[in-house]
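See structure below.
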Amino acid sequence: MNTPTTKMDAETRFFGLSKSWHRFKWGLLVFALGASGMLFADAQSIITLWVSVAIMLMGFALAMSGYIGIFLNRFTRLRESRSRHNPFDE
Numbered sequence: 000m001n002t003p004t005t006k007m008d009a010e011t012r013f014f015g016l017s018k019s020w021h022r023f024k025w026g027l028l029v030f031a032l033g034a035s036g037m038l039f040a041d042a043q044s045i046i047t048l049w050v051s052v053a054i055m056l057m058g059f060a061l062a063m064s065g066y067i068g069i070f071l072n073r074f075t076r077l078r079e080s081r082s083r084h085n086p087f088d089e
C-alpha cells in the first residue's frame, strides 16, 4: 500500500524558487498600482492617499517575502554546492 510522503519538493514549498519569483513580481505590480494611485489621485482626498499608501505597503510586503524566498533558495544552493565532495580537492 502506498503511503503519502510528507516531504515537499522545491516547487511546493512556500519559499520555493518559482513561487518566490511569482510573489516578487506580483508584489512589484501591486506596489506600482499603489504608487500610480498616489500620483494620479485627487490631491484633496486624504482617503484616496491613505488607500494608495496601504496598497503600496501590501505590495512591498508581498515583494519582500518573495525576495526573501529567492535569497534563501540561492543561499541554500550555495551551501549545498560547497558541502559536496570535490574529487579535485584531494
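Residue numbers (numbering that gives the first Met the number 0): 0 to 89.
Glycine included, each C-beta is placed from N, C-alpha and C at the ideal position.
Checklist entry - Considering only the beta carbon of each residue, do F23 and F59 sit closer than 7 Å? => result Counting from one through the sequence shown, the residue named residue 23 turns up at place 24. Counting from one through the sequence shown, the residue named residue 59 turns up at place 60. Contact: no.
Checklist entry - Where does T5 sit, in a helix, a strand or coil, going by DSSP? => result Here residue 5 corresponds to residue number 6 of the sequence shown, with the count starting at 1. Caution is warranted here: a pLDDT of 48 is assigned to T5, below 50, making its placement in the model unreliable, and no coordinate value can be reported.
Checklist entry - What are the start and end residues of the alpha helix (DSSP H) that includes S19? => result Residue 19 sits at position 20 when you count from the first residue of the sequence shown. Its alpha helix (DSSP H) spans residues L16 to F39.
Item to check | Burial state of S19 (16 or more Cβ within 10 Å) | outcome: For the purposes of this step, residue 19 is taken as residue 20 along the sequence shown, with counting starting at 1. Classification of S19: buried, given that the 10 Å Cβ count is 16 or more.
Item to check | Cutoff 8 Å; reference T47; Cβ partners in own chain excluding five residues on either side | outcome: Position 48 of the sequence shown, counting from 1, holds the residue named residue 47. G36, A40 and D41.
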